[in-house]
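Note that numbering that gives the first Met the number 0 numbers the first sequence so that position 47 is 46, with each residue one more than the last.
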Amino acid sequence: MSTYDRIYEIVRQIPVGKVATYGQIADLAGLHGKARLVGYALFKVDTDSLDIPWHRVINAKGEVSHSSLRKGSDYLQKHLLEEEGIEFDPQGRVNLYQYQWQSQSKNKS
DNA sequence: TGTTTGACCGACC
DNA sequence: CGGTCGGCCAAAC
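Here's what the structure looks like:
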């Protein structure tokens, strides 16, 4: 059980057609204010665990993030989200007010 | 064991 | 509006 595992758990709980921000996940994972860890975790995760919908995780601005290291994932993540019913603004951003995952917070470990 | 790195966020100018 | 800075932490080398 590592800190990252907490993050993975949260991300796994993101329902289809919804997205979550790093900060949100961090908070839910008990990592309030440490959104970085979420990003770091996901970075490693996508290559390790495909069980995690990393594509549903976006930054606080509602934009789809991606590291320069990823190859073509810029389109991939956006594509996957679109397939889930999420639409992007002309700026390539998502309406967080509409698509942000509202965690029930009723699920405890 | 110590350094490097890595998908962020919010505040500030 | 955008560039910078500080903070925070864990895994990989």
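Quick reminder that beta carbons are idealized off the backbone N, C-alpha and C, glycines included.
Small disclaimer: the values here were computed from a predicted structure and weren't measured.
Pull up the DSSP beta-bridge partners for PHE87, would you.
Indexing the first sequence from 1 puts residue 87 at position 88. In the DSSP output, where bridge partners are listed per residue, PHE87 has VAL93.
Would you call the CB atoms of ALA34 and ALA25 closer than 7 Å?
Locating residue 34 in the first sequence gives position 35, where the first residue counts as 1. Locating residue 25 in the first sequence gives position 26, where the first residue counts as 1. Yes. Within cutoff.
Rounding to the nearest angstrom, what Cα-Cα distance links GLU86 and VAL93 in this structure?
Start at 1 with the first residue of the first sequence, and residue 86 comes out as number 87. Start at 1 with the first residue of the first sequence, and residue 93 comes out as number 94. Roughly 7 Å between the two C-alpha positions.
Given ARG5 as reference, the closest of ILE13, GLY29, VAL15, PRO14 once Cα atoms are compared:
Counting from one through the first sequence, the residue named residue 5 turns up at place 6. Among ILE13, GLY29, VAL15, PRO14, the Cα nearest to that of ARG5 belongs to GLY29.
Apart from the five residues just before and just after GLN12, which ones in its own chain have a Cβ nearer than 6 Å to its Cβ?
Counting from one through the first sequence, the residue named residue 12 turns up at place 13. Contacts found: none.
How many angstroms separate the CA atom of GLY22 from the CA atom of ASP45?
Reading the first sequence from its first residue, position 23 is the one you call residue 22. Reading the first sequence from its first residue, position 46 is the one you call residue 45. For GLY22 and ASP45, the distance between alpha carbons rounds to 18 Å.
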